Amino acid sequence: MNQILEIARVQSKQIHDMDKTTRELVQQMREVVQQVSTLREEVRELPNNLVEKILLSLFQAVETVLQGEQDQVRHGVTGEHATMDPVEMSTKGSEPRR
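Note that the sequence shown covers residues 0 to 97 in numbering that gives the first Met the number 0.
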């Protein structure tokens, strides 16, 4: 009986912690959305050619970084010709399919 109560206490604390974390993440997401909204308004006020130059180069740089990280994850972790399927890995083990 004590063991069941202890398990229930641990699970209750875990649920409480997850709820707290979820609420914090929601608040952070609201702040990010507000910042994006503010930036959108500021961008609309900039001259078009300036916006195009800044945003295009920024998007290209971000895309390059993200693509590099994806390539590193695919090839650096699994080998040159392997692909990772997270669902498959979680159900069948950690070996990538080839």
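We put the beta carbon where it would ideally sit given N, CA and C, even for glycine.
From a predicted model like this one, the values you see are computed outputs, not experimental measurements.
- Annotation: the region 23-61 contains no complete segment of the beta strand (DSSP E) (minimum length 3 residues).
- Secondary structure of MET0 (DSSP, three-state): coil.
- Cα atoms of LYS19 and VAL25: separation of roughly 10 Å, rounded to the nearest angstrom.
- Per the coordinates, the alpha-carbon of ILE53 lies some 11 Å from the alpha-carbon of ALA60.
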